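**Q** First the structure, which I've put down as structure tokens, then a few questions once you've had a look.
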Amino acid sequence: MRISTNAIIRNYKSNLAASIANLNVSRNHVMTQRSFNSVSENPASAARASQLHRKYYKNLDNLNTLSDVQSRQDGQEDALMQISNAIKTISADYNIQAMSGDKQTPETRQTFATALRQFQKTMVLSLNSTYEDTFLFAGADGKNPPFTLSEDGKALTYRGINVDAAAGSDELNELTRLSKETLYVDLGLGLSLDGADRVVPSSAFNLSLPGIKAIGYGQDANGNSNNVIVLAGKLADALEKDDFDTDAYGELMNKFKDLGSNVLNEVTNLGVKSEFLNTTKDRLENNDISLQEQMLKVEGMDPAEAITDYMWNQYAYNAALKVGTSILSPSFIDFMK
């Protein structure tokens, strides 16, 4: 069978192009340390890598969200600790024993009352604290300051409702509803909804902490406020009376101390939630490492193997160039006039 020069040259050019393509692919493997750089090179691995990348970036989003939640919760804990410390100071330094004997004068009591009014304002400022542009103790409405204290310190409102609502009133029912508000975020716990399209509590993290849940609301059977800030104002009112009643003041102080324990309980609950967040963060970080290892196995290229493959393709290409010099040597046609 006769093989023409043109056929040989066509085959040579085709094989040389394939050799160049193989060399370029192996060069890219060495430079990128990836086993493939396009879907066509390895469709099965590319599909697997796409799934792993989605999981990886979702896990990364969960880590970023968790970091924000931790910072927000740290702000809540710091604010409640400030309130708890204020309550401890009032209970220790403004108790009836501190105003007995020679100290129990109208002027001294007025000084104590003024200080209590200031503590009221300080506690309200703590409850209106923010993280970035969100109010920490506003429940599901984080865009507006939740608490407002009247100038005389006698009335406190939460989202426009007087916290000293009477038993059985619509205001009390609304405060009860607001105290149970939730605000769920997905931290990679398998967020799911129930039949009524409500978030399943165990599948998400509730970062809402309505302020009235910590400081109390409503009134007891005797008509006394269940709110620690309002009660601080009641203590100041009692001190300012001309006929100061030590027994009545003592009863108010005892109730004030009891309400203070509720604030400390919320601080403890935040500590439990912080521990949960730390555990979740460890799990997400472990997932991050695991997903990176899986992606490396699917997409990664062994450096030694990549360099060996590149050197072999380089050798094949150089050999093809040398073969070309013999194929393209002068023929009989070159000597024809």
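With the UniProt record's numbering applied, the sequence shown covers 1 to 337. Just so you know, even glycine gets a beta-carbon here, dropped at the ideal spot from N, CA and C. Just so it is clear, the structure is predicted and the values come from calculations on it, not from any experiment.
Since E181 and I161 should fall inside the 8 Å C-beta cutoff, what is the C-beta to C-beta distance between them, to a whole number of angstroms?
**A** Between I161 and E181 the Cβ distance is about 13 Å, and since that is not below 8 Å, they are no contact.
**Q** Is it right to say K213 is buried, meaning 16 or more other beta carbons lie within 10 angstroms of its own, or is it exposed?
**A** Burial call: buried.
**Q** Following the continuous beta strand (DSSP E) through T108, name the residue where it begins and the one where it ends.
**A** From DSSP, T108 is part of no beta strand (DSSP E) but of the alpha helix (DSSP H) over 106–127.
**Q** To the nearest whole angstrom, what separates the beta carbons of E240 and A115, a pair I think is in contact under 8 Å?
**A** Actually they do not touch by this definition, with Cβ atoms about 12 Å apart.
**Q** For S38 and A46, what's the separation of their Cα atoms in angstroms?
**A** When rounded, the distance between both Cα atoms is 8 Å.
**Q** Going residue by residue through the region 34–98, where are the continuous alpha helix (DSSP H) segments of at least 4 residues, counting only ones entirely within it?
**A** Segments of the alpha helix (DSSP H) lying fully in the region 34–98: 43–93.
**Q** Exposed or buried, which one is V298 when buried takes at least 16 other CB atoms within 10 Å?
**A** That one is buried.
**Q** Determine the contact status of K273 and Q82, defining contact as a CB-CB distance below 8 Å.
**A** No, they are not a contact pair.
**Q** Quick check: V263 and V228, are their CB atoms within less than 8 Å of each other?
**A** For V263 and V228, yes; Cβs fall inside 8 Å.
**Q** Since P145 contacts Y158 with CB under 8 Å, what's their CB separation in whole angstroms?
**A** In fact, because the Cβ distance is near 10 Å, the residues do not count as touching under 8 Å.
**Q** Closest to D133 by CA distance: which of S126, G142, L125 is it?
**A** That would be G142, whose Cα lies nearest to the Cα of D133.
**Q** Do N313 and N22 have their beta-carbon atoms positioned less than 8 Å apart in this structure?
**A** Against a cut-off of 8 Å, the Cβ pair of N313 and N22 comes out as a contact.
**Q** Which two residues bound the contiguous alpha helix (DSSP H) that contains L239?
**A** Start and end: 228–240.
**Q** Here's the rule: buried if 16 or more other CB atoms are within 10 angstroms of the residue's CB, otherwise exposed. What is L321?
**A** With fewer than 16 Cβ atoms within 10 Å of its Cβ, L321 is classed as exposed.
**Q** Use the C-beta contact count for E275: other C-beta atoms within 10 angstroms, 16 or more gives buried, fewer gives exposed.
**A** Classification of E275: exposed, given that the 10 Å Cβ count is below 16.
**Q** Quick check on DSSP: helix, strand or coil for V267?
**A** Three-state result, V267: helix.
**Q** Here's the rule: buried if 16 or more other CB atoms are within 10 angstroms of the residue's CB, otherwise exposed. What is A18?
**A** Per the 10 Å Cβ criterion, exposed.
**Q** Going by CA-CA distance only, name the one from S40, Q33, D68, S179 that's closest to E266.
**A** Closest option to E266, Cα to Cα, is S179.
**Q** Select from Y217, E77, T325, S169 the residue whose C-alpha is nearest the C-alpha of G271.
**A** For the residues Y217, E77, T325, S169, the minimum Cα distance to G271 belongs to E77.
**Q** With distances taken Cα to Cα, identify the nearest neighbour of E251 among N95, S40, N64.
**A** Per the Cα distances, N95.
**Q** Skipping 5 residues on each side, what residues in its chain have a beta carbon closer than 7 Å to that of L231?
**A** So the qualifying residues of the chain are S225, L252, K255, F256, L259.
**Q** In terms of alpha-carbon separation, which member of S26, N286, L191 lies closest to I315?
**A** Just to set this straight, residue 315 is Tyr in the shown sequence, not Ile. It is S26 whose Cα lies nearest to the Cα of Y315.
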